[in-house]
Amino acid sequence: MSNEVEQKKNIKTINDLPGISQTVINKLIEAGYSSLETLAVASPQDLSVAAGIPLSTAQKIIKEARDALDIRFKTALEVKKERMNVKKISTGSQALDGLLAGGIETRTMTEFFGEFGSGKTQLCHQLSVNVQLPPEKGGLSGKAVYIDTEGTFRWERIENMAKALGLDIDNVMNNIYYIRAINTDHQIAIVDDLQELVSKDPSIKLIVVDSVTSHFRAEYPGRENLAVRQQKLNKHLHQLTRLAEVYDIAVIITNQVMARPDMFYGDPTVAVGGHTLYHVPGIRIQLKKSRGNRRIARVVDAPHLPEGEVVFALTEEGIRDAEE
Ligand code: ATP
Ligand code: MG
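Numbering of the sequence shown is given in our numbering, commencing with residue -17 and proceeding in unit increments.
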């Protein structure tokens, strides 16, 4: 990689813009231009007036922000090469990995949605362990961040899963940063702060938010709050997506949906309060209960994966293929 490219990769927030004084950065933030994205789409004139800086400085800042975000025309071949850099984390089930074309992707947000007991939390545990495996065993030799909003994280499960894979248990537990999110503001603040954590520790390759929606539903109940809730949640999700893209991390979110016995046509499971996550990019996997410990996974509108479904199993050792 050339030095120039290397340098651009290091510009991750507005504070990293080279050759711009702290005073100017403060002016930009005060004027509402607090992210690289807002700068990248600003007009030089507006920026100059709003932040009280010369037009030429504004132009320079906008260019730097666009370069940092890699906003430019690319050839299809470049896009292909970028996609081939995406790494995968195995789920523990070959069938499920097959459905996902190899596993959970970095640079992408993957949503697991399904009713209670469908295996969302088990998958979050398993992937927090599997990300630590070496690449030849389906991992990324990486660490995990686990944001728990429902208090359903169990270290005992991590121990069991690590043991089943013959891994050093304390080591595996040491490589999972756990935090309990108390409410929506806290959940959002945690993700704000993650930027610092992941830039300090590049071995973090997985971020889990289980569940991403529960606090939002509790705090903004009913139709009358839907718009506000949606707006706040979307911002949160975009921030997570950006962490995934910038730091080459796999982000996993879960979303509980309730089975609706009153529905006779179409899919009887719908997201509580509507399809909250429809408009955010990423891969959506629906989980359904089947006989015994079997679960069904189905890909829903992923841009590059064929639609299909597979069966896997929830076992004492973790996520595995279902026995015939
Ligand atoms: P919710 O929406 O309520 O959070 P969920 O989709 O997160 O549900 P999980 O907690 O992932 O559901 O799945 C619970 C299921 O996992 C249990 O019903 C059981 O089948 C399985 N399970 C949990 N622990 C074990 C274990 N130690 N051994 C075997 N199976 C287990
Ligand atoms: Mg759960």
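Even glycine gets a Cβ: it sits at the ideal position worked out from N, Cα and C.
The model shown is predicted, which means the values in this text are computed figures rather than measured ones.
(request) Check whether the Cβ of Ser100 lies closer than 7 Å to any heavy atom of the ligand COA, and answer yes or no. (result) Absence of the ligand COA from the depicted structure is noted, with the ligand ATP and the ligand MG being the only ligands included.
(message) Measuring only the C-alpha atoms, how far is Asp49 from Thr20?
(response) 13 Å
(message) Could you pull the DSSP bridge partners for Val228 from this structure?
(response) According to DSSP, which records beta bridges pairwise, Val228 is partnered with nothing at all.
(message) I need the straight-line Cα distance from Gly204 to Met91, nearest angstrom please.
(response) 27 Å
(request) Just tell me which of Gly101, Leu115, Lys56, Arg224 has its CA closest to the CA of Asp174. (result) Of Gly101, Leu115, Lys56, Arg224, the smallest CA-CA separation from Asp174 is found for Arg224.
(request) Spell out the partners DSSP gives Gly96 in its beta bridges. (result) Gln238, Leu269
(request) Give the single residue among Arg302, Gln238, Asn216, Asp52 whose Cα lies nearest to the Cα of Pro263. (result) Asn216
(request) Compare the C-alpha of Ser317 against each of Thr5, Thr103, Tyr229 and name the closest. (result) The requested residue 317 does not occur in the structure, where the chain is confined to residues -17 to 306.
(request) Flag this pair as yes or no: are the beta carbons of Val293 and Ala304 separated by less than 8 Å? (result) yes
(request) Give the straight-line distance between the Cα atoms of Gly96 and Ile129, rounded to the nearest whole angstrom. (result) 19 Å
(message) From the DSSP secondary-structure annotation, give me the bridge partner or partners of Glu87.
(response) Lys70
(request) Pick out whichever of Lys63, Glu132, Ala126 has its Cα sitting closest to the Cα of Asn237. (result) Checked all of Lys63, Glu132, Ala126; the closest Cα to Asn237 is Glu132.
(request) Below 7 Å CB to CB, which residues in the same chain sit around Asn275 once its five sequence neighbours on both sides are set aside? (result) So the qualifying residues of the chain are Ala295, Leu296, Thr297.
(message) Quick check: what's the CA-CA separation for Gln177 versus Asp52?
(response) Roughly 19 Å separates the two Cα atoms.
(message) Does Ile301 pass the burial test, meaning 16 or more other C-beta atoms within 10 Å, or should it be called exposed?
(response) Ile301 counts as buried, since no fewer than 16 other beta carbons sit within 10 angstroms of its beta carbon.
(message) One question on the structure: do Gly121 and Ser72 come within less than 8 Å of each other, judged by their Cβ atoms?
(response) Result yes, Cβ atoms of Gly121 and Ser72 sit closer than 8 Å.
(message) Taking 7 Å as the cut-off, is the beta-carbon of Leu296 closer than that to any non-hydrogen atom of the ligand ATP?
(response) yes
(request) Could you check if Phe374 is buried or exposed, using at least 16 other CB atoms within 10 Å of its CB as the buried criterion? (result) There is simply no residue 374 to check, as the chain begins at -17 and stops at 306 in what is shown.
(message) Less than 7 Å separating the Cβ of Glu118 from some heavy atom of the ligand ATP?
(response) no
(request) For the alpha helix (DSSP H) containing Ala50, list its first residue and its last residue. (result) 37 to 50
(message) Taking its Cβ as the centre, do 16 or more other Cβ atoms sit within 10 Å of Arg273, making it buried, or is it exposed?
(response) Exposed is the call here.
(request) Using the Cα positions of Thr(-5) and Gln221, report the straight-line distance between them to the nearest angstrom. (result) Whole-angstrom Cα-Cα distance: 12 Å.
(message) Are the CB atoms of Ile158 and Ala209 within a distance shorter than 8 Å?
(response) no
(request) Please work out which residues of its chain come closer than 7 Å, Cβ to Cβ, to Gly85, disregarding the five sequence neighbours upstream and downstream, and give them in chain order. (result) Excluding positions up to five away in sequence, the list reads Lys70, Ile71, Ser72, Thr73, Asp79, Gly120.
(request) Reducing DSSP to helix, strand and coil, say where Leu149 ends up. (result) coil
(message) Our contact map puts Leu269 next to Lys102 with C-beta atoms below 8 Å; I'd like the distance itself, whole angstroms only.
(response) 6 Å
(message) Taking 8 Å as the threshold (C-beta atoms), are Glu87 and Ala232 in contact?
(response) yes
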